[in-house]
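Input: a single structure, listed below in C-alpha cells.
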C-alpha cells in the first residue's frame with residue numbers, strides 16, 4: 406500500500422467516524438465515560454448559571470454548602486464549575502431551558 410493510499414484511507418475512516426459520532430450525539434446518545442457528579446449538584450450548578458451567577462460565585466456557594474467535587478475533593482474552583490457546565494448533560498439541560506423560553 407502506498408503512502409498516499411494509506412493517508413486517503415485514514416482520512417476516509419476519520420470522516421466516517423466523525424459523521425457517526427455526530428449522528429449519535431444528535432440522537433441523544435451519551436458519548437464518553439459516565440458523569441460522576443450527582444444529578445442534584447449538576448442541577449444546582451445549571452440553575453445558578455441560568456440565574457446569571459458567575460463561575461466564581463457558584464464555586465464559592467458549593468464550598469459554603471460543603472458540596473464535594475465530582476472527584477471527591479473538598480474545594481470547588483471556577484474551572485471545576487466550567488468543566489461541569491460543558492458536560493453533555495449540562496448542555497442538554499441548558500438547551501432544554503432555553504428552548505422552553507422560546508416556545
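Numbering (this note's numbering), first residue to last: 406 to 508. For each residue, glycine too, the CB sits at the ideal point set by N, CA and C. In this text, all values refer to a predicted model and were calculated from it rather than measured experimentally.
Non-local beta-carbon contacts of residue 485 in its own chain, meaning distances under 7 Å to residues more than five positions away in sequence, involve 464 and 474 in chain order. With 16 or more other CB atoms across the displayed protein chains lying within 10 angstroms of its CB, residue 450 is buried. Relative to the Cα of residue 493, the nearest Cα in the group 421, 432 and 457 belongs to 432. Relative to residue 476, the option among 428, 439 and 435 whose CA is nearest is 439.
Taking the Cα positions, residue 424 is about 11 Å away from residue 417. Spanning the alpha carbons of residue 448 and residue 455 requires a straight line of approximately 10 Å. The Cβ atoms of residue 479 and residue 460 lie no closer than 8 Å to each other.
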